[in-house]
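A.B. asks: First the structure, then my questions, so here it is.
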Amino acid sequence: MLVTINGEQREIQSASVAALMAELDCTGGHFAVALNYDVVPRGKWDETPVAAGDEIEILTPRQGG
């Protein structure tokens, strides 16, 4: 299915946020995921479906100053 990830359209196979993160090799580390502008808590990734046309933002924390 076609979704938008960080502003770029991509074809994916995953049906959930957790499966998408594995498909994109975003395992381990610290990531935040927003699905259609709503942050998805990590504990809900397995049960949160991804559908065609969704807009997904994957963010990593950064230190600044």
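With the working numbering applied, the sequence shown covers 534 to 598. Here a beta-carbon is modelled for each residue, glycine too, at the ideal position from N, C-alpha and C.
1. Would a C-beta distance cut-off of 9 Å place Leu-568 and Glu-588 closer than the cut-off?
2. On the DSSP letters alone, give me the boundaries of the alpha helix (DSSP H) that Ala-552 sits inside.
3. Using CA atoms only, rank isn't needed, just tell me which of Arg-543, Ser-547 and Thr-537 is closest to Trp-578.
4. Determine the direct distance from the alpha carbon of Gln-542 to that of Pro-582, and round the result to whole angstroms.
5. For the beta strand (DSSP E) containing Thr-581, name the first residue and the last one.
C.D. replies: On the basis of the data shown:
1. yes
2. 550 to 556
3. Ser-547
4. 18 Å
5. Unbroken run through Thr-581: none, as it is neither H nor E.
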